[in-house]
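Student: After the structure tokens below, expect a handful of questions from me.
Number of protein chains: 2
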Amino acid sequence: MTPTGERVRQAALELFAERGFHGTGIRQLAERAGVSSASLYHYMGTKEDLLVALMTSSLERLVGDAEAAVAGSDDPVGQLGALVRMHVTAHAARPLETRVGDHEVEALSPPAREVVVALRDRYEQVWQRVLADGQAAGVLDLEHPALARRALLEMCSGVARWFDQAGPLSLADLADHYVALACRLLGVSRATRRGGAVISA
Amino acid sequence: MTPTGERVRQAALELFAERGFHGTGIRQLAERAGVSSASLYHYMGTKEDLLVALMTSSLERLVGDAEAAVAGSDDPVGQLGALVRMHVTAHAARPLETRVGDHEVEALSPPAREVVVALRDRYEQVWQRVLADGQAAGVLDLEHPALARRALLEMCSGVARWFDQAGPLSLADLADHYVALACRLLGVSRATRRGGAVISA
DNA sequence: GCGTGTCGATCGATCGATCGATAGCATAGG
DNA sequence: CCTATGCTATCGATCGATCGATCGACACGC
């Protein structure tokens, strides 16, 4: 990717996250990227194409990281800890990507939305499988697995809306706290929690 | 409020929630409300005034309900249960209000945003105080109260994004599950949980 | 006749997108 | 070595459409 092309992507990410897709004009986008509005179209298709590219690349990275996190352990509690750590770190370190991904799905036209929703579903299936494995193994205590999964994911995604990377709390500490909260939420037994060094590593 | 005025409010609520403030045009709004775009201005000021009215009335109701929920008990755990129940029920039963309130704050001009943010802060202070009381009384176990409060609120607000009132899960059951999840998350001791009939009432 | 409601017509501004033109820079042909 | 050719990158000007908002006119009930 050319430097200017990268600046366009970055400008779009910032503006879409901050003002929303419909709230961002082509001219604002061009000004932020340091080019004319006409030059913009040398680096993108339509404005929507740009949004789709941002969302899919962000989601593909998330899906890849989730699958890698799960592959790093065969213990459900360890997998869960790795997933929470990865998810929270991603949302706290790259809040722009995740805010756009969460808020602007409705701005997409139906065909583009299908692709994005399919990616998001694939991501959530990773979590679903880990939770199901954990309950089958008896190391999680879930009254209502689907509800618990949604509650957990919403809780973890929330950091993108408030975490300040320049604040007193480090990314690692933040992730540690959330792993502990997730364990409580899902009823990880105390014995398992102690044994699972993977969780806090 | 006149019937037409109410239809305008309802149309705005639906469209702002579904397409966003900037994604909703005056003409769409008029069509949904069943009037001409000119007549719209008989019932509102600017488009932004309408958004502000929707957000403040929704938030004022939430603040009032929160203060009422807290007033109904002097036990921190009971207060917490009532808060969670109220919050989850509100978000599940009126997802349009809460989605607009959560997503469109950035669409407001600075003076209007101030009012809305002040209301939201007042709401969160109710939660903050209950959590602090609970920890002071030794019935909650919070490693990082501010972080726990945010995690809890994000978890509970999430229901507005996925709960289907026509689905198999009733509002009351949903709220029950979330009260239980909140108790786990905040480390409500088992003895307190059993004793607190208020929590599940 | 006067306040309340309603609307078609239209305002200036801005929207996303395209146009043709231009400048820079490579490489190939003589 | 020179210049012809073609490709990448850039922009001012401008397109038709739509934006939020306003106007004057008309209808109805008190």
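Sequences listed follow chains A and B, in order.
Count the first sequence with the working numbering and you get residues 1 to 201, in order.
Count the second sequence with the working numbering and you get residues 1001 to 1201, in order.
For every residue, glycine included, the Cβ atom is placed at its ideal position computed from N, Cα and C.
1. What span of residues does the alpha helix (DSSP H) with residue 1095/B cover, start to end?
2. In three-state DSSP terms, what is residue 63/A?
3. In the structure shown, what three-state DSSP assignment does residue 177/A receive?
4. Does any residue of chain B have a CB that is nearer than 8 Å to the CB of residue 207/A?
5. Going along chain A in order, which residues have a C-beta closer than 7 Å to the C-beta of residue 1185/B?
6. Suppose you measure from the CA of residue 79/A to the CA of residue 72/A; what does that come to, to the nearest Å?
7. Return no unless some Cβ of chain A is closer than 8 Å to the Cβ of residue 1055/B.
8. Using beta-carbon positions only, say whether residue 1092/B and residue 1160/B come within less than 8 Å of one another.
9. So the candidates are 173/A, 43/A, 170/A and 52/A; which of them puts its Cα closest to the Cα of residue 100/A?
10. Is DSSP giving residue 1168/B helix, strand or coil here?
11. Okay, do the stretch 1026-1044 of chain B and the stretch 1009-1017 of chain B touch, 3+ Cβ pairs below 8 Å being the bar?
12. Check the Cβ of residue 1155/B against every Cβ in chain A and list those closer than 7 Å, keeping chain order.
13. Only counting the same chain, and skipping five residues up and downstream in sequence, which positions put a Cβ closer than 6 Å to that of residue 95/A?
14. Along the chain, where does the alpha helix (DSSP H) containing residue 21/A start, and where does it finish?
15. For residue 177/A, which residues in chain B fall below 7 Å Cβ to Cβ?
16. Hey, how far is the Cα of residue 1006/B from the Cα of residue 1064/B?
17. Confirm, please, whether the CB-CB distance from residue 87/A to residue 1144/B is below 8 Å.
18. Skipping 5 residues on each side, what residues in its chain have a beta carbon closer than 7 Å to that of residue 1060/B?
19. Under a three-way DSSP split, which group does residue 1078/B fall into?
Tutor: By the coordinates alone:
1. 1095-1103
2. helix
3. helix
4. The displayed coordinates of chain A run from 1 to 201. Any statement about residue 207/A would go beyond what the structure contains.
5. 181, 184 and 185
6. 7 Å
7. no
8. yes
9. 52/A
10. coil
11. yes
12. 151, 154 and 155
13. 160
14. Counting along the chain, residue 21/A falls outside any alpha helix (DSSP H), and DSSP gives it neither H nor E.
15. 1143, 1144 and 1147
16. 22 Å
17. no
18. 1119
19. helix
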